[in-house]
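Numbered by numbering that gives the first Met the number 0, the letters in the sequence shown go through residues 0 to 265 in order.
Take a look at the structure below.
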Amino acid sequence: MKIIQLTDTHLMPPGAVVNGVDPERQLRLAVEDILARHGDADLMVITGDLCNHGDPEAYALLREILAPVPFELRLLIGNHDRRPEFRDAFPEHPVDGQGFVQSFMDTDHGRLLFLDTHEAGMIGGLYGADRMAFLDEALAGAGDVPVTVFIHHPPFDCGIGHFDKIGLHDDGALMQRLGAHAGGVRHIVFGHIHIPMAGTAANGIAYSSGQATGHRFITDLADPCPWWTGGNPTYRILLLDGHGLRAYTAETSQLATSRAARCEGP
Ligand SMILES: [Fe+2]
């Protein structure tokens with residue numbers, strides 16, 4: 000299956016600029032490109048920080064921009080979001096029994112898990128016993144089928160100074176649960192850090208982030224106060240199939256220089 004990942008769209012009411020970038024323009028360009036090139040996708044996931052301040056006008060704008068998307072949509076909330084305002088704007092979006100924006104989806108290539116790490120008033124994420132009940136049930140239901148996890152906050156140390164104290168505050172509980180899943184974990188797909196990153200956790204689980212659709216950082220692992228920057232909107236194409244999970248970054252608005260020759264091999 001083909002999944003499109005966007006992350007950290009940070010929408011504001013129309014006309015507002017966030018850290019030097021117009022998030023509405025960025026998202027409109029990305030969605031336009033996705034519709035033109037990936038009408039055959041099965042699912043779009045936005046891995047959190049949908050809106051910069053979680054205001055109703057921004058969620059209404061998000062809804063309007065996403066309206067033409069013809070395939071299934073799952074939205075995660077991040078630290079910049081507000082759960083009540085999100086749920087008011089997207090009342091049909093699945094939530095768990097306690098109102099967290101969590102759900103799962105069964106596919107031919109395993110169970111997809113969409114987790115909610117947002118906690119009002121915090122920049123880092125939380126994943127306590129109340130949310131873990133959903134995860135435990137979803138993992139038990141998956142049995143020996145692999146899962147692929149979508150989450151805003153990375154549930155491991157991402158090794159970037161700015162995020163040292165604002166990761167997922169769960170003492171490793173989530174990774175322990177995932178590591179113990181009988182069916183294995185295909186991948187953890189996350190956001191929050193606004194730059195592309197890929198790695199393998201100590202327990203062998205592979206993970207990667209997308210680049211923020213809106214503002215992103217000039218990559219600096221040590222500086223706790225790195226610079227924001229703009230750039231062409233990006234999104235990722237995730238292929239989940241018999242090969243496992245493969246992720247590709249796509250950048251919109253690029254200028255072509257010359258066409259590559261066809262390579263017939265060997
Ligand atoms: Fe963000």
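A virtual CB, placed ideally from N, CA and C, is assigned to each residue, including glycine.
{"Asked": "Residue ranges of each beta strand (DSSP E) within the stretch 78-113, 3 or longer", "Found": "102-106 and 109-113"}
{"Asked": "For residue 43: DSSP bridge partner residues", "Found": "3 and 72"}
{"Asked": "Bridge-paired residues (DSSP) for residue 124", "Found": "167"}
{"Asked": "Straight-line Cα distance separating residue 112 from residue 139", "Found": "12 angstroms"}
{"Asked": "Among 223, 231, 240 and 262, nearest to residue 254 - alpha-carbon criterion", "Found": "231"}
{"Asked": "Residues bridged to residue 148 (per DSSP)", "Found": "112 and 187"}
{"Asked": "Check: residue 266 C-beta below 7 angstroms from any heavy atom of ligand 1", "Found": "In this structure the chain extends from 0 to 265, so residue 266 is not present and cannot be described."}
{"Asked": "Three-way DSSP call (helix, strand, coil) for residue 16 in this model", "Found": "coil"}
{"Asked": "Residue range of the unbroken alpha helix (DSSP H) whose run includes residue 57", "Found": "55-65"}
{"Asked": "Backbone CA spacing between residue 174 and residue 62 [nearest angstrom]", "Found": "32 angstroms"}
{"Asked": "C-beta atoms of residue 289 and residue 49 nearer than 8 angstroms", "Found": "This structure cannot speak to residue 289, because the chain is shown only from 0 to 265."}
{"Asked": "DSSP three-state assignment for residue 155, whether helix, strand or coil", "Found": "coil"}
{"Asked": "Straight-line Cα distance separating residue 149 from residue 186", "Found": "9 angstroms"}
{"Asked": "Touch test, the stretch 10-23 against the stretch 54-68, Cβ-Cβ under 8 angstroms, three pairs minimum", "Found": "yes"}
{"Asked": "Cβ pair count under 8 angstroms reaching 3, the stretch 75-84 against the stretch 112-123", "Found": "yes"}
{"Asked": "Under the three-state DSSP convention, the category residue 31 falls into", "Found": "helix"}
{"Asked": "Residue range of the beta strand (DSSP E) that includes residue 177", "Found": "That residue, residue 177, is in no beta strand (DSSP E); its alpha helix (DSSP H) goes 172-178."}
{"Asked": "Beta bridge counterpart(s) of residue 215 as assigned by DSSP", "Found": "228"}
{"Asked": "Closest residue to residue 266 among 265, 104 and 204 (Cα-Cα distance)", "Found": "Outside the modelled stretch of the chain, which goes from 0 to 265, sits residue 266, for which no answer is possible."}
{"Asked": "Selection from 214, 212, 213 and 197 that minimises the alpha carbon distance to residue 206", "Found": "197"}
{"Asked": "Element boundaries [beta strand (DSSP E), containing residue 259]", "Found": "No beta strand (DSSP E) holds residue 259; DSSP gives it neither H nor E."}
{"Asked": "Lining residues of ligand 1 - beta-carbon closer than 5 angstroms to any non-hydrogen atom, in sequence order", "Found": "7 and 48"}
{"Asked": "DSSP-derived helix/strand/coil call for residue 131", "Found": "helix"}
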